[in-house]
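J.:
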Amino acid sequence: RYVSTIDERVELLKAATVEEAKRFWVEFYGVGAGETAIVGDFDPAEIAPVLTEIFGTWKSPAPYARVPNLLSDKPAVSQQIETPDKANAILLASTSFPLRDDDPAYPAMAIGDYIYGGSAFDSRLMLRIRQKDGLRYGVGSGLSVSSQDQVGQEFVYAIFAPENGPKVVEAFKQVTDTAVMGGFTPEEVSKGKAGYLQQRQLARADDSSLADQLADGLYLGRTMEWEAKLDQVIGALTPAQVSDGFRAFVSPSKFTVITAGDFAKGKEPPPQP
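The sequence shown maps to residues 9 to 281 in this note's numbering.
1) Could you pull out every residue in the same chain whose Cβ sits closer than 6 Å to the Cβ of residue 212, ignoring the five residues on either side in sequence?
2) So, are the CB atoms of residue 116 and residue 245 less than 9 Å apart?
3) If you draw a straight line from the C-alpha of residue 188 to the C-alpha of residue 252, how long is it?
4) Ignoring anything shorter than 4 residues or poking outside the region 61 to 138, list the alpha helix (DSSP H) runs there in chain order.
5) Taking only runs of the beta strand (DSSP E) that begin and end inside the region 152 to 225, which ones reach a length of at least 3 residues, in chain order?
6) In angstroms with no decimal places, state the Cα-to-Cα distance between residue 88 and residue 237.
7) For residue 267 versus residue 97, is the C-beta distance shorter than 9 Å?
8) Please say whether residue 273 and residue 92 have beta carbons closer to each other than 9 Å?
9) Would a C-beta distance cut-off of 9 Å place residue 222 and residue 84 closer than the cut-off?
10) Please confirm whether any heavy atom of the ligand NAD lies closer than 8 Å to the CB of residue 185.
11) Please classify residue 20: is it buried, with 16 or more other beta-carbons within 10 angstroms of its beta-carbon, or exposed?
12) Quick check on residue 243: does DSSP put it in helix, strand or coil?
13) Would DSSP call residue 281 helix, strand or coil?
14) Can you name the residues that DSSP bridges to residue 266?
15) Would you report the Cα separation of residue 53 and residue 41, rounded to the nearest angstrom?
16) Classify residue 253 as helix, strand or coil using the three-state DSSP reduction.
17) Taking the alpha carbon of residue 250 as the point to measure from, which residue in 224, 121 and 72 has its own alpha carbon closest?
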């Protein structure tokens, strides 16, 4: 579970040999444990023999064992990294908390994230940092929640000109404080639920996304009925539930905030004519 540095990863890759890669393939790769989901116009009676012919004897010598995710409980830090001669700067912020996607608290947190920064058009972060302050090239948030372990993460990203770094960080903090302290309005929650549910519906209309969802369901023991019930719960959420659900997991003081860019250059005086 050690997270290596970039330099350490480079050295590990340099040290890896072709023989090691071949040995790992032989010892661990195979389809002894796995799921297959196929979406489209096909005959299952024709597909099954083909899959058996291609993968039937390809078994991994090593038995499958799931590696659980562990919740990181590290204290929040703020760090600025200088990257000379880069035109753009970036902010990445994250906070972790115990949450699974089958937890009753998950739907409210999911809609809270969508309003906060998940929507690509009218999220709180987008409206503040892009439309009001005009400081960003890209901004948003995301919610990552495990289906099997109590591990959740809320993250934020923003891309901006290095000289706007302090303003972007301050805007991020203000938007987060306002969302946690003041909650979300009925209009925001209504639009957020509609947008989020439409996003889920569009994903089910895409063959690739639907196949992924079906394969995940096979692994987790879930049917599309589980997804339908989640949609129903989301549709019934109230503004108070979404606001309380978001603040239950998001605390401004627990965000680790990393900014990287050519900030030193941004502080230089403009060249004299």
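Heads up, the beta-carbon is just placed ideally off N, CA and C, and yes, glycines get one too.
Quantities reported herein were computed from a predicted structural model and do not represent experimental measurements.
T.: From the atom records:
1) The residue labelled residue 212 in the question sits at position 204 within the sequence shown. Same-chain partners within the cutoff: 218.
2) Along the sequence shown, one-based indexing puts residue 116 at 108. Along the sequence shown, one-based indexing puts residue 245 at 237. Going by C-beta atoms, residue 116 is nearer than 9 Å to residue 245.
3) Locating residue 188 in the sequence shown gives position 180, counting from the first residue. Locating residue 252 in the sequence shown gives position 244, counting from the first residue. Residue 188 and residue 252: Cα-Cα distance of roughly 8 Å.
4) 114 to 121
5) 160 to 168
6) By 1-based counting over the sequence shown, the position of residue 88 is 80. By 1-based counting over the sequence shown, the position of residue 237 is 229. Between residue 88 and residue 237, the C-alpha separation is close to 43 Å.
7) Walking along the sequence shown from the start, residue 267 turns up at place 259. Walking along the sequence shown from the start, residue 97 turns up at place 89. Yes; because the gap between Cβ atoms is below 9 Å, this pair is in contact.
8) Counted from its first residue, the sequence shown places residue 92 at position 84. Counted from its first residue, the sequence shown places residue 273 at position 265. Contact: yes.
9) The residue you call residue 222 lines up with position 214 of the sequence shown. The residue you call residue 84 lines up with position 76 of the sequence shown. Against a cut-off of 9 Å, the Cβ pair of residue 84 and residue 222 comes out as no contact.
10) The ligand NAD is not part of the structure shown, which contains no ligands of any sort.
11) Numbered from 1 along the sequence shown, position 12 holds the residue referred to as residue 20. That one is exposed.
12) On the sequence shown, residue 243 is found 235 positions in, with the first residue counted as 1. Helix, per DSSP.
13) By 1-based counting over the sequence shown, the position of residue 281 is 273. Caution is warranted here: a pLDDT of 42 is assigned to residue 281, below 50, making its placement in the model unreliable, and no coordinate value can be reported.
14) Here the question's residue 266 lines up with position 258 in the sequence shown. Residue 266 pairs with 87 and 100.
15) Residue numbering aside, residue 53 sits at position 45 when the sequence shown is read from its first letter. Residue numbering aside, residue 41 sits at position 33 when the sequence shown is read from its first letter. So the alpha carbons of these two residues sit roughly 22 Å apart.
16) Here residue 253 is taken as the residue at index 245 of the sequence shown, counted from 1. Helix, per DSSP.
17) Along the sequence shown, one-based indexing puts residue 250 at 242. The candidate whose alpha carbon is nearest that of residue 250 is 121.
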